[in-house]
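J.: Handing you a structure now.
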Amino acid sequence: LLRRHYSPRTPVVLHRALDPKAAARALAAGRNEAWLFLAQPRALDRGEPRVRWLDARGDLRRAARRLFAELRALDRGGFDRIHVELAPGAGIADAINDRLRRAAART
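In the working numbering, the protein residues as written are 80 to 186.
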């Protein structure tokens with residue numbers, strides 16, 4: 080069982096990778112959900128408040144620095160759930176994913 084770290088009130092759903100097209104379909108359907116990508120998705124409107132990213136290019140060091148600020152911003156948005164993309168690889172990706180798993184833990 081994971082010990083909690085920062086945990087948003089909004090349920091967090093973790094994904095190995097987020098599909099921008101699936102997010103776009105959910106947005107068009109009016110679902111009250113948010114998406115947090117590692118890198119800026121090209122297929123989505125930049126002004127869409129339900130879509131955020133940690134770094135324009137997906138740099139993991141920059142992503143790690145912005146992680147909790149972005150989660151808190153989405154948590155304040157009143158969404159039903161927040162979909163978050165896990166970081167690929169090892170090293171700093173492991174640290175990011177550990178914090179994401181703790182944020183998603185609902186204990």
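Note that beta-carbon positions come from the ideal geometry of N, C-alpha and C, so glycine has one too.
Here's the rule I'm using: 16 or more other beta-carbon atoms within 10 Å means buried, otherwise exposed. How should Val-92 be labelled?
T.: Classification of Val-92: exposed, given that the 10 Å Cβ count is below 16.
J.: Are the segment 104-114 and the segment 143-150 touching, with three or more C-beta to C-beta distances below 8 angstroms?
T.: Contact fails: fewer than three Cβ-Cβ distances are below 8 angstroms.
J.: Mapping DSSP to helix, strand and coil, what is Asp-134?
T.: Here Asp-134 sits in strand by DSSP.
J.: Buried or exposed, going by whether 16 or more other CB atoms sit within 10 Å of the CB of Ala-169?
T.: Ala-169 is exposed by the Cβ-count criterion.
J.: Can you give the Cα-Cα distance for Ala-183 and Pro-90, rounded to whole angstroms?
T.: The straight-line gap from Cα to Cα measures roughly 7 angstroms.
J.: Is the distance from the Cβ of Trp-132 to the Cβ of Ala-152 below 8 angstroms?
T.: The answer is no: Cβ separation not under 8 angstroms.
J.: By the DSSP assignment, the beta strand (DSSP E) with Ala-113 in it spans what residues?
T.: Unbroken beta strand (DSSP E) run through Ala-113: 112-118.
J.: Quick check on Ala-96: buried or exposed, where buried means 16 or more other Cβ atoms within 10 Å of its Cβ?
T.: It is exposed - the Cβ of Ala-96 has fewer than 16 other Cβ atoms within 10 Å.
J.: Under DSSP, the alpha helix (DSSP H) around Glu-149 begins and ends at which residues?
T.: That run of the alpha helix (DSSP H) goes 139-154.
J.: Within its chain, find whatever has a CB closer than 7 angstroms to the CB of Ala-174; leave out the 5 residues flanking it on each side and keep chain order.
T.: Ala-143.
J.: Decide if Arg-129 is buried, meaning its Cβ has at least 16 other Cβ atoms within 10 Å, or exposed.
T.: Classification for Arg-129: buried.
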